[in-house]
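Residue numbers for the sequence shown follow the numbering used here, beginning at 1031 and rising by one.
Each residue gets a CB set at the ideal place from its N, CA and C atoms; glycine is no exception.
This structure is a prediction, so every number in the text was calculated from the model and none was measured.
What follows is a short report on a single structure.
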Amino acid sequence: MNQAQAEELMDMFADGKLIESINTSLALHLVDLARELGRDALVGRLLDHAAKVSENPEDQGWCQFELLKHQGASIDELIGLGVQSEKEGLAGLAAGIFHHVSLMSLGSDEAGLFANRSMRLREEAEDLEGMIYGHALLAHIAKSEGDFEKSQLHLQKRLDIIPETEKFERMEALADLAHSHSSLGELEQAQAMLIDSLDIATELQELSGILVARWGLADLAEISNQPDEAMVQLSDIMTVFMEAGAVVPEPVRERISKLTAQQ
């Protein structure tokens, strides 16, 4: 869905009449979209409706969580809701809250604590999608702390649990893991994963995935003193973008020019 389509969808709910026909789950999904588009008044109406039609404690908890976020609640207030949710046996809700608290705490010691607490709850609930997000967050935190091996471990766990059918997610996970291997000097593993990521990106015709994979392969080629191979990878990026009628990213053009000047 592009921005114009998203705006059109939001306009359908703007007068408030259509809102009355949706359930809590859909209302909360629309809250995220309305928030991204800066439709604060609509966010408030959607939250009011979601709370009004919520049918169980977990739905009510999600409504309260989203309302606190909308009101700019403090970390302590969110932690309090997370702790209460965990006590009430609402593991999925508590995990989501602690994940959000971790994101708010990035750069501090608390980030890892809440990310791990969230992951524990998600593992107990066998929440596969949540675990995928959790490993990505834990990998990011470990990397920011300079623990690249721990970061790589979480990236590998993330890849291992992504279903084969979720191709876009696997494409991204492979590229992230490849970058981790490259950072640790494990170039062969990095290359193999970038090639796998590129295969998926090509199958999906996903330009961003092709860009990331071929850019990474060009990096590896330059590290291995193979400028000709780096040029091949960068030229292929340009070709794919041009064939798709898309604008070739300026960094790609600049890098090709730089390599050409060095030859």
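- The three-state reading of DSSP puts residue 1089 in helix, counting H, G and I together.
- Nearest neighbour of residue 1209 by Cα position, chosen from 1107, 1242, 1188, turns out to be 1242.
- Restricted to the region 1154-1180, the alpha helix (DSSP H) segments that are unbroken, complete and at least 4 residues in length are 1158-1174, listed in chain order.
- The beta carbon of residue 1285 is closer than 7 Å to those of 1264 in its chain, skipping five residues each way along the sequence.
- Between the region 1159-1176 and the region 1184-1197 there are three or more inter-stretch CB-CB distances shorter than 8 Å, so the stretches are counted as touching.
- In this structure, the beta-carbon distance from residue 1048 to residue 1061 does not fall below 8 Å.
- No beta strand (DSSP E) of 3 residues or more sits fully in the region 1100-1132.
- Residue 1112 is a Cβ neighbour of residue 1128, given a cutoff of 8 Å.
- Take the alpha-carbon of residue 1084 and the one of residue 1057: they are about 10 Å apart.
- Counted as a single uninterrupted DSSP element, the stretch harbouring residue 1215 is not any alpha helix (DSSP H), since DSSP gives it neither H nor E.
- Judged by their CB atoms, residue 1223 and residue 1237 are not nearer to each other than the 8 Å cut-off.
- Contact check for residue 1266 and residue 1244: beta-carbon distance about 6 Å, within the 8 Å limit, so the pair qualifies.
- Of 1216, 1134, 1247, 1125, the smallest CA-CA separation from residue 1155 is found for 1125.
- Taken through DSSP and simplified to helix, strand or coil, residue 1146 comes out as helix.
- Within a 10 Å sphere around the beta-carbon of residue 1089 sit 16 or more other beta-carbons, which makes this residue buried.
- In terms of Cβ geometry, residue 1240 and residue 1250 do not form a close pair [threshold 8 Å].
- With contacts defined by Cβ atoms closer than 8 Å, residue 1131 and residue 1167 do not form a contacting pair.
- With contacts defined as CB atoms closer than 8 Å, residue 1197 and residue 1230 qualify as a contacting pair.
- Of the residues 1059, 1137, 1246, the one whose Cα lies closest to the Cα of residue 1262 is 1246.
- Within the same chain, Cβ atoms closer than 7 Å to the Cβ of residue 1118 are found at 1087, the five residues on either side in sequence being excluded.
- Of all alpha-carbon atoms in 1121, 1175, 1152, the one lying nearest the alpha-carbon of residue 1140 is that of 1175.
- Per DSSP, reduced to three states, the secondary structure at residue 1033 is helical.
- Sequence-distant partners of residue 1134 (beyond 5 residues in either direction) whose C-beta falls short of 8 Å from its own C-beta, in its chain, are 1105, 1108.
- In the structure shown, residue 1074 falls within a helical segment according to DSSP collapsed to helix, strand and coil.
- At least 8 Å separates the beta-carbon of residue 1203 from that of residue 1211.
- With a beta-carbon spacing of about 11 Å, residue 1268 and residue 1277 fall beyond the 8 Å limit used to define contacts.
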